[in-house]
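Numbered per this note's numbering, the sequence shown finishes at 538, counting up by one with no gaps. All C-beta atoms in this analysis are idealised placements derived from N, C-alpha and C, irrespective of residue type, glycine included.
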Amino acid sequence: MWHLLVVLVWNLDHLPYGQHSMTKMLYKLLRRESHRIRFMQFGKYGGYETSERLLDWVVSRQRRWGTPIPVLLSDDAEHRHAVRVRDDELPVVPSTGDRPQRIPCSRLPNGFGIPETDTLDTFFDSSWYYLRYLDPKNDEEIIAADKVAQMPVDVYIGGIEHAAVHLFFARFISYFLNDIGVTRSVEPFDQLLPQGVVRGRTFLRIDNGKYVPEADVIQKESTFVEKSDGGEVIVQYEKMSKSKHNGVEPLLVLDRDGIDLTRLQLLSSAAPRAPVNWGDADMKGLKKWLNRVSWVVNEYVAQRSSSSRNCRRVDSATEAHYREVYNYAVRNVSMLLEVLHLHNTAIARLIGLTNSLRKAEPSLFGRSVEVERCVHALVIMMQVFAPHTAAELWSALCSVIAIDETKWRKTEAVTEQDWPLVDADADIDFILKVLDVSCGRVAMPRQLIEGLNAEEVLKVASEGSHKWFLEELAKAGHQPLKCELQQREGLHVTLTLHFGDSLKQDYVKKLLNEMAARRVKKKKSQKITTISN
6 MWHLLVVLVW NLDHLPYGQH SMTKMLYKLL RRESHRIRFM QFGKYGGYET
56 SERLLDWVVS RQRRWGTPIP VLLSDDAEHR HAVRVRDDEL PVVPSTGDRP
106 QRIPCSRLPN GFGIPETDTL DTFFDSSWYY LRYLDPKNDE EIIAADKVAQ
156 MPVDVYIGGI EHAAVHLFFA RFISYFLNDI GVTRSVEPFD QLLPQGVVRG
206 RTFLRIDNGK YVPEADVIQK ESTFVEKSDG GEVIVQYEKM SKSKHNGVEP
256 LLVLDRDGID LTRLQLLSSA APRAPVNWGD ADMKGLKKWL NRVSWVVNEY
306 VAQRSSSSRN CRRVDSATEA HYREVYNYAV RNVSMLLEVL HLHNTAIARL
356 IGLTNSLRKA EPSLFGRSVE VERCVHALVI MMQVFAPHTA AELWSALCSV
406 IAIDETKWRK TEAVTEQDWP LVDADADIDF ILKVLDVSCG RVAMPRQLIE
456 GLNAEEVLKV ASEGSHKWFL EELAKAGHQP LKCELQQREG LHVTLTLHFG
506 DSLKQDYVKK LLNEMAARRV KKKKSQKITT ISN
């Protein structure tokens with residue numbers, strides 16, 4: 006805005022003295038930002054508040070290679086002229102010689118022009134690659150109309166540093182392409198998932214602040230000291246760096262732990278957005294889990310190989326129990342991976358499924374359809390985290406005849422198997438959101454909640470799962486003005502409610518805390534009643 010104001014005042018320098026004095030007075034009056042905005046809006050010069058950090062983008066680069074700037078310059082030292090290269094004159098192929106290339110152009114004084122030698126910023130090349138991934142062999146246009154329908158990108162995964170630079174330019178280009186009709190969606194990415202930094206254990210001298218290599222440090226009781234002089238050091242986790250002596254050699258780790266266990270260490274340590282402290286993972290627990298999965302698969306193979314595998318039928322109560330175990334695990338793991346992007350919690354759910362199977366009577370592995378389904382689902386889902394282990398275990402599963410051979414393609418690899426799905430009459434997650442706050446995740450029957458519109462889902466919530474919460478909002482004078490519905494078949498139904506400006510996030514959180522307290526109190530009273538009976 007300051008630039009606009011300076012231009013306005015500068016353009017009035019040719020006015021007589023009296024009017025020029027009025028301009029100086031106007032300049033003083035407009036020192037306050039609110040006055041400048043009102044003045045510029047009144048004169049239709051702009052006046053929309055923007056970020057103080059965003060400056061003009063200098064798009065030219067002084068180099069030979071890169072995206073050409075489609076401009077022709079006149080070869081007139083006294084009056085430099087520039088004209089845009091028309092669409093029918095493109096492309097302007099750069100010359101291969103040392104002398105400047107001359108291109109006929111009737112719009113320039115000398116009848117010819119020299120192509121601009123500067124090139125565009127590399128972000129002009131790298132900020133719309135996601136479109137070309139969908140249509141890489143199209144020589145006629147950026148992307149075909151039928152391919153555009155696949156946009157926007159579901160999830161963008163990258164380091165947090167991308168959010169400040171690359172994503173800014175990608176969104177800038179996306180807005181431009183939307184303005185000229187190339188794309189249908191303004192935003193190029195639905196969700197951003199920035200990974201946390203992997204940090205290494207660092208040893209820092211207390212007296213001088215110098216970093217000490219781990220090899221030069223020993224532990225004495227509860228403290229760490231440097232070997233050479235006994236100086237005390239503190240231990241903390243920081244971003245890996247050579248200067249901090251806290252780097253880890255990947256090849257040594259892979260040689261020691263293997264690829265799958267190394268992957269599990271990274272994935273189970275923290276949520277994707279949180280920093281990972283390398284070495285903090287429960288290695289014994291992860292190894293124990295892999296061994297337990299192997300035990301489950303081996304037990305299934307042994308029981309299915311037994312000649313007495315079909316001697317007894319499984320009672321309906323047991324089958325119903327393991328059917329619930331299957332649906333709970335598949336729903337949670339799928340939801341955590343595909344929607345919530347919490348891979349560390351997904352691993353925990355797989356560990357829970359493994360523990361449930363270990364409690365099963367051994368003969369059930371050879372007789373129960375639902376236990377068999379749980380075992381196969383466990384191996385198929387664990388391939389996301391431990392692909393090599395899953396491939397070996399799948400090979401073992403394929404070595405015996407299944408109770409129901411129609412559910413899987415045993416002649417194909419585990420990577421080619423269909424992802425497990427919850428049953429049609431199973432529960433899925435119902436989530437209510439208000440002011441970007443999740444107001445509870447409730448399991449509801451698919452048949453009750455799926456296929457309803459937003460108003461019908463709101464009615465279900467008002468009469469059942471979130472009755473007290475919505476009633477309290479209504480008592481305080483807050484009625485939903487708009488409701489939006491998002492759902493993923495077999496996983497979740499999410500209802501987002503929009504209220505007026507009078508509803509604040511703090512009040513919503515207060516009600517949620519009260520609702521949680523009521524739930525705890527209700528459970529305690531039920532427990533006391535059960536004991537007394």
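Query - For D123 and D80, the rounded distance between their alpha carbons - result: As a position in the sequence shown, residue 80 is number 75, starting the count at 1. As a position in the sequence shown, residue 123 is number 118, starting the count at 1. Spanning the two alpha carbons is a distance of roughly 16 Å.
**Report entry** Cβ-based burial, W300 [other Cβ within 10 Å; buried from 16]
**Finding:** Position 295 of the sequence shown, counted from the start, is the residue given in the question as residue 300. Exposed.
Query raised in the report: From what residue to what residue does the alpha helix (DSSP H) around D130 run?
Result: Against the sequence shown, residue 130 aligns to sequence position 125. Per DSSP, D130 belongs to the alpha helix (DSSP H) from 128–131.
Query raised in the report: Do T394 and L496 have their C-beta atoms within less than 8 Å of each other?
Result: The count along the sequence shown starts at 1 and reaches residue 394 at position 389. The count along the sequence shown starts at 1 and reaches residue 496 at position 491. When the beta-carbon positions are compared, T394 and L496 stay at least 8 Å from each other.
Query raised in the report: In chain order, what residues of the same chain lie with their CB nearer than 7 Å to the CB of R89, ignoring the 5 residues before and after it?
Result: Here the question's residue 89 lines up with position 84 in the sequence shown. Closer than 7 Å at the Cβ level, and outside the excluded window around R89, lie P75, V76.
Query raised in the report: In terms of residues, what are the limits of the beta strand (DSSP E) holding K487?
Result: Your numbering for residue 487 matches position 482 in the sequence shown. 487–493 is the extent of the beta strand (DSSP E) around K487.
Requested in this report: Can you tell me which of F194, N143, H171, F181 puts its alpha carbon nearest to the alpha carbon of Q155?
Outcome: Here residue 155 is taken as the residue at index 150 of the sequence shown, counted from 1. Taking only the C-alpha atoms, the option nearest Q155 is F194.
**Report entry** DSSP bridge partner residues for F174 (one or two, in chain order)
**Finding:** Taking the first residue of the sequence shown as position 1, residue 174 is located at position 169. F174 is not bridged to any residue.
Query - Proximal residues to P367 (C-beta, below 7 Å), its chain only, five neighbours per side dropped - result: Counting from 1 along the sequence shown, the entry for residue 367 is found at position 362. Contacts found: E304, Q308.
Query raised in the report: Which runs of the alpha helix (DSSP H), 4 residues or longer, sit entirely within the region 322–366?
Result: Scanning the region 322–366 for uninterrupted alpha helix (DSSP H) segments of 4 residues or longer gives 348–363, listed from N- to C-terminal end.
Query raised in the report: Are three or more beta carbon pairs between the region 315–330 and the region 245–256 nearer than 8 Å?
Result: No: the two stretches stay apart, fewer than three of their Cβ pairs being nearer than 8 Å.
Query raised in the report: Going by Cα to Cα distance, which pick from N115, K464, D428 is closest to R328?
Result: In the sequence shown, counting from the first residue as 1, residue 328 sits at position 323. Cα-wise, what sits closest to R328 is D428.
Query - Contacting residues, own chain, Cβ-Cβ under 7 Å from I356 (five flanking each side not counted) - result: One-based indexing of the sequence shown puts residue 356 at position 351. Around I356: W294.
Query raised in the report: Among the residues of its own chain, which have a CB less than 7 Å from the CB of G163, if the five just before and after it don't count?
Result: Against the sequence shown, residue 163 aligns to sequence position 158. P199, listed in sequence order.
Report task. Tell me whether D511 is buried or exposed, calling it buried when 16 or more other Cβ atoms sit within 10 Å of its Cβ. Result -> Here residue 511 refers to the residue found at position 506 when the sequence shown is read from its first residue. So D511 ends up on the exposed side.
Query raised in the report: Distance, Cα to Cα, V306 vs I406?
Result: Here the question's residue 306 lines up with position 301 in the sequence shown. Here the question's residue 406 lines up with position 401 in the sequence shown. Answer to the nearest angstrom: the Cα atoms are 9 Å apart.
Query raised in the report: Taking Cβ positions, are V158 and Y135 nearer each other than 8 Å?
Result: To locate residue 158, count along the sequence shown from 1; it is residue 153. To locate residue 135, count along the sequence shown from 1; it is residue 130. Yes.
Query raised in the report: For the 8 Å Cβ check, are there 3 or more pairs between the region 409–420 and the region 384–400?
Result: yes
Requested in this report: Given a cut-off of 8 Å, decide if L139 and S65 are closer than it, judged by their beta-carbon atoms.
Outcome: Numbered from 1 along the sequence shown, position 60 holds the residue referred to as residue 65. Numbered from 1 along the sequence shown, position 134 holds the residue referred to as residue 139. Contact: no.
Query raised in the report: Of all Cβ atoms in chain B, is any one closer than 8 Å to the Cβ of G456?
Result: Looking for chain B here will not work: only one protein chain is present.
Query raised in the report: Could you check where the alpha helix (DSSP H) with F370 kicks off and where it finishes?
Result: For this step, residue 370 is matched to residue 365 along the sequence shown. Looking at the DSSP string, the run of the alpha helix (DSSP H) that includes F370 is 369–372.
Requested in this report: Please state whether DSSP places C110 in a helix, a strand or coil.
Outcome: Along the sequence shown, read from residue 1 onward, the residue named residue 110 stands at position 105. Here DSSP, grouped into helix, strand and coil, assigns C110 to coil.
Requested in this report: Grab the span of the beta strand (DSSP E) containing G205 for me, first residue to last.
Outcome: In the sequence shown, the residue the question calls residue 205 occupies position 200. Counting along the chain, the beta strand (DSSP E) containing G205 begins and ends at 203–210.
**Report entry** T499 burial status per 10 Å Cβ neighbour count (16 or more: buried)
**Finding:** Within the sequence shown, numbered from 1, the residue matching residue 499 stands at position 494. With 16 or more other Cβ atoms within 10 Å, it is buried.
Query raised in the report: In whole angstroms, what separates the C-alpha of S111 from that of R493?
Result: Residue 111 sits at position 106 when you count from the first residue of the sequence shown. Residue 493 sits at position 488 when you count from the first residue of the sequence shown. CA-to-CA, the gap between S111 and R493 works out to about 59 Å.
Query raised in the report: Using DSSP with H/G/I as helix, E/B as strand and the rest coil, what is T411?
Result: The sequence position of residue 411 within the sequence shown is 406, counting from 1. In the structure shown, T411 sits in a helix (DSSP, three-state: H, G or I).
Report task. Use the C-beta contact count for G290: other C-beta atoms within 10 angstroms, 16 or more gives buried, fewer gives exposed. Result -> Along the sequence shown, one-based indexing puts residue 290 at 285. G290 comes out exposed.
Requested in this report: Give the DSSP-derived three-state secondary structure of E551 in the structure shown.
Outcome: The chain is shown only over 6 to 538; residue 551 falls outside these bounds and no answer can be derived.
Report task. Report all residues from its chain with a CB closer than 7 Å to the CB of L272; omit the five preceding and five following residues, and keep chain order. Result -> As a working note, residue 272 is residue 267 in the sequence shown. Taken in chain order, the residues that qualify are H348, N349, I352, F390.
Report task. May I have the straight-line CA-CA distance separating R85 from F174, to the nearest angstrom? Result -> For this step, residue 85 is matched to residue 80 along the sequence shown. For this step, residue 174 is matched to residue 169 along the sequence shown. Each residue's Cα considered, the two are about 31 Å apart.
Requested in this report: Taking all protein chains shown into account, decide if E468 is buried (16 or more other Cβ within 10 angstroms of its Cβ) or exposed.
Outcome: If you number the sequence shown from 1, residue 468 lands on position 463. Classification for E468: exposed.
Query - Three-state secondary structure (DSSP) of R137 - result: Translated into the one-based positions of the sequence shown, residue 137 becomes position 132. Note: R137 maps to helix in three-state DSSP.
Report task. Count the CB pairs spanning the region 471–484 and the region 512–521 that are closer than 8 Å, and state whether there are at least three. Result -> yes
Query raised in the report: Within the chosen definition, does the region 331–338 reach the region 375–389 through at least 3 CB pairs nearer than 8 Å?
Result: yes
Query raised in the report: Mind pulling the alpha helix (DSSP H) runs of 4 or more residues that sit fully within the region 418–473?
Result: 451–454, 459–468
Query raised in the report: By how many angstroms is the C-alpha of P277 removed from the C-alpha of L197?
Result: Translated into the one-based positions of the sequence shown, residue 197 becomes position 192. Translated into the one-based positions of the sequence shown, residue 277 becomes position 272. Straight-line Cα distance between these residues: approximately 11 Å.
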